[in-house]
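Student: Under the UniProt record's numbering, think of the first position of the sequence shown as 1, with each following residue one higher.
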Amino acid sequence: MVKMVFHTRRPFRGRIFVRGMVEKSQCVSDFVNNTESSVNFELKNGDCNMRRQRKIGFPKGVEHSMTVVVSFHHTFLTQVDKAYRCTCFFMEADKILSSQVDVSMIPTVDLMDTPKSPVCSYNVRRGTLNGPLTTFANVGDKLWHVWKCDSGEQVDLAPDKRLKRNFTE
1 MVKMVFHTRR PFRGRIFVRG MVEKSQCVSD FVNNTESSVN FELKNGDCNM RRQRKIGFPK
61 GVEHSMTVVV SFHHTFLTQV DKAYRCTCFF MEADKILSSQ VDVSMIPTVD LMDTPKSPVC
121 SYNVRRGTLN GPLTTFANVG DKLWHVWKCD SGEQVDLAPD KRLKRNFTE
């Protein structure tokens with residue numbers, strides 16, 4: 001907030017406004033019925049076309065500026081009216097602020113699983129999946145190559161050499 005206080009010899013009954021912004025109500029204050037010789041004019045930073053400029057040299061900071069007109073008549077500009085170039089400078093502090101704050105990490109829980117290797121068996125059966133075990137065959141005999149694992153999964157290689165899977169609960 002920018003606040004300006006103007007002191008006059010007699011009660012001020014004019015108006016105060018930002019140059020070029022007289023059509024915006026937040027940029028104008030009328031004092032037609034004022035009985036005091038001191039008046040306040042307030043604006044929010046950045047309002048009413050307030051110019052903002054960052055200064056990089058010394059001193060560093062941000063400068064807000066505007067031109068404010070103090071008009072002693074509430075409608076017309078007169079030769080006794082004054083225009084003031086108002087500048088507010090907010091200096092940037094060259095201090096390094098620090099604070100020691102330790103934040104613990106979320107505790108981790110190790111999840112390890114060492115699956116038991118399945119124990120599998122292999123055999124050759126004649127004719128069908130459940131046919132008799134065989135260790136000898138003639139050319140043209142239908143043989144089933146059967147792998148059984150303790151996981152309950154059974155993998156069979158049929159005579160046509162396509163892989164079939166049978167799962168048992």
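Backbone N, C-alpha and C fix where the C-beta goes; we use that ideal spot for every residue, glycine too.
#1: Short of 8 angstroms in beta carbon distance, which residues of its chain neighbour Lys60, apart from the five on each side in sequence? Order them along the chain.
#2: Under the rule that 16 or more other beta-carbon atoms within 10 Å means buried, what is Trp144, buried or exposed?
#3: Taking Gly46 as the reference, which of Met105, Val119 and His64 has the closest Cα?
#4: So what does DSSP say about Ser25, is it helix, strand or coil?
#5: Taking contact to mean at least 3 C-beta pairs separated by less than 8 angstroms, is the stretch 72-82 in contact with the stretch 5-19?
#6: How about Val124 and Thr134: are their beta carbons less than 8 angstroms apart?
#7: Can you check which of these residues, Glu36, Val146, Arg126 and Arg85, is closest to Asn138 by C-alpha distance?
#8: Near Val119, what residues of its chain come up, given a Cβ to Cβ distance below 8 angstroms and the 5 sequence neighbours on each side ignored?
#9: Return yes when the Cβ of Lys44 is within less than 8 angstroms of the Cβ of Met1, no when it is not.
#10: What separation, rounded to the nearest whole angstrom, lies between the Cα atoms of Arg51 and Met66?
#11: Quick check on DSSP: helix, strand or coil for Ile96?
#12: Roughly how many whole angstroms lie between the Cα atoms of Pro159 and Ser117?
#13: Please say whether Ser29 and Thr8 have beta carbons closer to each other than 8 angstroms?
#14: Tell me the start and end of each unbroken beta strand (DSSP E) in the stretch 3-89 that is at least 3 residues and wholly inside, in chain order.
#15: Here's a check: name, in chain order, each residue in its chain whose Cβ is nearer than 7 angstroms to the Cβ of Val32, leaving out the five neighbours to either side.
Tutor: A quick look at the data gives this:
#1: Taking the sequence shown and counting its residues from 1, one reaches residue 60 at position 60. Excluding residues within five positions, the ones whose Cβ falls inside 8 angstroms are Met91, Glu92 and Asp94.
#2: In the sequence shown, residue 144 corresponds to position 144, counting from 1. By the neighbour-count rule (16 or more Cβ atoms within 10 Å), Trp144 is buried.
#3: By one-based count along the sequence shown, residue 46 stands at place 46. Here the closest residue by C-alpha is His64.
#4: Start at 1 with the first residue of the sequence shown, and residue 25 comes out as number 25. Of the three classes helix, strand and coil, the one that applies to Ser25 here is helix, per DSSP.
#5: yes
#6: Along the sequence shown, one-based indexing puts residue 124 at 124. Along the sequence shown, one-based indexing puts residue 134 at 134. It is a contact, given that the beta carbons lie within the stated cut-off.
#7: To locate residue 138, count along the sequence shown from 1; it is residue 138. When each option's Cα is compared against that of Asn138, the closest is Arg126.
#8: Position 119 of the sequence shown holds residue 119. The answer, listed in chain order, is Cys149 and Asp150.
#9: Locating residue 1 in the sequence shown gives position 1, counting from the first residue. Locating residue 44 in the sequence shown gives position 44, counting from the first residue. Contact: yes.
#10: Position 51 of the sequence shown holds residue 51. Position 66 of the sequence shown holds residue 66. Between Arg51 and Met66, the C-alpha separation is close to 6 angstroms.
#11: Sequence index remark: in the sequence shown, residue 96 carries index 96 (1-based). Note: Ile96 maps to coil in three-state DSSP.
#12: Numbered from 1 along the sequence shown, position 159 holds the residue referred to as residue 159. Numbered from 1 along the sequence shown, position 117 holds the residue referred to as residue 117. Confidence in Pro159 is poor, its pLDDT being 49 and thus under 50, which makes the residue's placement unreliable; the coordinate value appears in the next sentence. Pro159 and Ser117: Cα-Cα distance of roughly 28 angstroms.
#13: Taking the first residue of the sequence shown as 1, we reach residue 8 at position 8. Taking the first residue of the sequence shown as 1, we reach residue 29 at position 29. Not in contact: Thr8 and Ser29 (Cβ atoms no closer than 8 angstroms).
#14: 15-18, 28-30, 38-43, 51-55 and 61-71
#15: Walking along the sequence shown from the start, residue 32 turns up at place 32. Here the set comprises Arg13 and His74.
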